[in-house]
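Trainee:
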Amino acid sequence: MSQVTSVFLIGATGYIGGAVLVALKKAYPDFSYSALVRSEKDIPAVQALGVSVVFGSTDNHSLIIDTVASHDITVGTSNADDLPLSKAIVEGLKKRAESGGRPRPIYIHTSGTGVVASKPTGQLTASAQKIYNDNSPDDIASIAPEQPHRNVDLEIFAAGESGQIATYIIAPSTIYDIGHTNPVNKISQQVPIIIRAALEKGHAAYVGDGTNVWNSVNINDTAELYVLVLRYALKQNETPAPPAHKFSNFFFGSGEVFAWGDIARAVGKILHARGLLKSPEAISVEPGNDFFTAYTGSNSRSNAERSRTQLGWKPKSRSIFEALEDDVEAVLKRDGRI
Ligand SMILES: NC(=O)c1ccc[n+]([C@@H]2O[C@H](COP(=O)([O-])OP(=O)(O)OC[C@H]3O[C@@H](n4cnc5c(N)ncnc54)[C@H](OP(=O)(O)O)[C@@H]3O)[C@@H](O)[C@H]2O)c1
Ligand SMILES: *[C@@H]1O[C@H](CO)[C@@H](O)[C@H](O)[C@H]1NC(C)=O
Ligand SMILES: *[C@@H]1O[C@H](CO)[C@@H](O)[C@H](O)[C@H]1NC(C)=O
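All the letters of the sequence shown, read from the start, carry residue numbers 1 to 338 under full-length UniProt numbering.
Below you can see the structure in the form of structure tokens.
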């Protein structure tokens, strides 16, 4: 009995999900693909990829449970913080496992390295020196439950522990560059925030002294990581067993390290050269309880050793600084400024 392997993607109109859907389809062209779309206007762009559309919202939990239960593989890229959605996905996976007759259901979830972020002080403090390694289950187990995304991640780890269903978590760092082949949204989150904040404030800005660091990852390399995790998951499914360790199916998507102050200075120069700022200079702002501080003021330090050694992941695309000019251009276009 051989049936076509089916994939359900949640978040296809988004930045990560669009790139992941295109990359999976290219790597596994014989699988069948469905994607959740909540806005009618986006249906044609997703269908144009050769993907069936499931029309609805992630808030419709009965729809999520039933759709997950009718696919072999589910990939979630819509929201790293939606606990009720994750519970519905897990319920759908269990339902499929219990109905029997098909391979063990696979779920690939998107978290983020915000899960290891420090307090956003805009400084590379001593307490933020720790680099979390995905190849060390003790490191991953030690992440505090109050950290961003962690409540959802813990739900996913627990669901995969018995081996009845197979769960994997990918935690990308700061993703940058344009999702050229994405059906709808082609731009990321944190870099656009720095660009928009500079335009709003009239000068480029960074939190504190701007020495706080994150890792970065190109959108192309991010999409490739999902392909490699799926390949690994399919291989694991040949002899289904519980994961080696509760926290071992966890993969950082982390490449080069950068300081947020350096991004702000580079953005200042680019916007000044375009005549959109009076000065190229980037200015320090006090950490606050605001969006800007939350997204650009912390440290987040991670090492994707498991992604590299266990999956053979090799980030190879251009750097965050090399992509910045194009990222600025894309944000200006999206916001109707050019
Ligand atoms: N971008 C990064 O650098 C990065 C790095 C690490 C982790 N993450 C995390 O990954 C997640 C996705 O990030 P992203 O940059 O890809 O965001 P995005 O471009 O905003 O994409 C979000 C996707 O989820 C869909 N979605 C959201 N709420 C939905 C709902 N109620 N029903 C149906 N679909 C819904 C959106 O649909 P619509 O198009 O209809 O809005 C869109 O397809 C976020 O949780 C983010 O924190 C992002
Ligand atoms: C949830 O999805 C089901 C199945 O498509 C649909 O019949 C129902 O109307 C949806 N519920 C809401 C509140 O949209
Ligand atoms: C990313 O992939 C797209 C589509 O395959 C390609 O056009 C683009 O040049 C790639 N970008 C980088 C930086 O590798």
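Yeah, the Cβ is synthetic: ideal placement off N, Cα and C, and Gly gets one too.
I need the DSSP call for Thr13, collapsed to helix, strand or coil.
Mentor: Looking up residue 13 in the sequence shown gives position 13. Looking at Thr13 - three-state DSSP - the assignment turns out to be coil, as it is neither helix nor strand.
Trainee: Would the C-beta of Leu63 count as close to ligand 2, meaning under 7 Å from any of its heavy atoms?
Mentor: As a working mapping, residue 63 is identified with position 63 in the sequence shown. Leu63 Cβ: within cutoff of ligand 2.
Trainee: Run through the region 201-271 for me and flag every whole alpha helix (DSSP H) of 4 or more residues, listed as ranges in chain order.
Mentor: Listed in chain order, they are 219-236.
Trainee: Between the C-alpha atoms of Ala259 and Asn249, what's the straight-line distance to the nearest angstrom?
Mentor: Start at 1 with the first residue of the sequence shown, and residue 259 comes out as number 259. Start at 1 with the first residue of the sequence shown, and residue 249 comes out as number 249. Taking the straight line from one Cα to the other gives about 29 Å.
Trainee: On the CB-based measure, 16 or more other CB atoms within 10 Å of its CB, does His180 come out buried or exposed?
Mentor: Numbered from 1 along the sequence shown, position 180 holds the residue referred to as residue 180. Result: exposed.
Trainee: Please list, in chain order, all residues of the same chain as Ile43 whose beta carbon is under 8 Å from its beta carbon, the five residues on each side excluded.
Mentor: Position 43 of the sequence shown, counted from the start, is the residue given in the question as residue 43. Result list for Ile43: Val37, Val53 and Phe55, in chain order.
Trainee: Could you pull out every residue in the same chain whose Cβ sits closer than 6 Å to the Cβ of Val191, ignoring the five residues on either side in sequence?
Mentor: Within the sequence shown, the letter at position 191 stands for residue 191. So the list reads Tyr176 and Asp327, once near-sequence residues are dropped.
Trainee: Using only the alpha-carbon positions, how far apart do Tyr131 and Thr174 sit?
Mentor: What you label residue 131 is simply residue 131 of the sequence shown in a count that begins at 1. What you label residue 174 is simply residue 174 of the sequence shown in a count that begins at 1. One detail in the question is off: residue 131 reads as Ile in this sequence, not Tyr. Approximately 15 Å, taken between the alpha carbons.
Trainee: Comparing C-alpha positions only, which one of Ala128, Asp335 and Glu224 sits nearest to Asn212?
Mentor: The count along the sequence shown starts at 1 and reaches residue 212 at position 212. That would be Ala128, whose Cα lies nearest to the Cα of Asn212.
Trainee: Give the secondary structure of Leu332 by DSSP, where H, G and I count as helix, E and B as strand, and everything else as coil.
Mentor: Here residue 332 corresponds to residue number 332 of the sequence shown, with the count starting at 1. Three-state DSSP puts Leu332 in a helix.
Trainee: What's the C-alpha gap between Gln3 and His149?
Mentor: Stepping through the sequence shown from its first residue, residue 3 is reached at position 3. Stepping through the sequence shown from its first residue, residue 149 is reached at position 149. Near 35 Å, if we compare the C-alpha coordinates of His149 and Gln3.
Trainee: How close, in whole Å, do the beta carbons of Thr167 and His245 come, if the pair is a contact with beta carbons under 8 Å?
Mentor: By 1-based counting over the sequence shown, the position of residue 167 is 167. By 1-based counting over the sequence shown, the position of residue 245 is 245. So it is not a contact: roughly 13 Å between Cβ atoms.
Trainee: Where does Leu83 land, buried or exposed, given buried means 16+ other C-beta within 10 angstroms?
Mentor: Residue numbering aside, residue 83 sits at position 83 when the sequence shown is read from its first letter. Exposed, by the Cβ-count rule.
Trainee: Which class does Ser86 belong to by DSSP, given the choice of helix, strand or coil?
Mentor: For the purposes of this step, residue 86 is taken as the residue at position 86 of the sequence shown. In the structure shown, Ser86 sits in a helix (DSSP, three-state: H, G or I).
Trainee: Regarding Gly92 and ligand 2, is the C-beta to nearest heavy atom distance less than 7 Å?
Mentor: Counting from 1 along the sequence shown, the entry for residue 92 is found at position 92. The answer is no for Gly92.
Trainee: Consider the C-beta atom of Pro172 and the heavy atoms of ligand 1; say whether any pair is separated by less than 7 Å.
Mentor: Within the sequence shown, numbered from 1, the residue matching residue 172 stands at position 172. Yes, the Cβ of Pro172 comes within 7 Å of a heavy atom of ligand 1.
Trainee: Please look up how many angstroms separate the CB atoms of Glu256 and Ser319, rounded, as I've assumed it's under 8 Å.
Mentor: Here residue 256 corresponds to residue number 256 of the sequence shown, with the count starting at 1. Here residue 319 corresponds to residue number 319 of the sequence shown, with the count starting at 1. Right, the Cβ-Cβ distance comes to about 6 Å (below 8 Å), so this counts as a contact.
Trainee: Going by beta carbon distance, what residues of the same chain come within less than 7 Å of residue 339, once the five residues before and after it are set aside?
Mentor: With the chain covering only 1 through 338, there is no way to say anything about residue 339.
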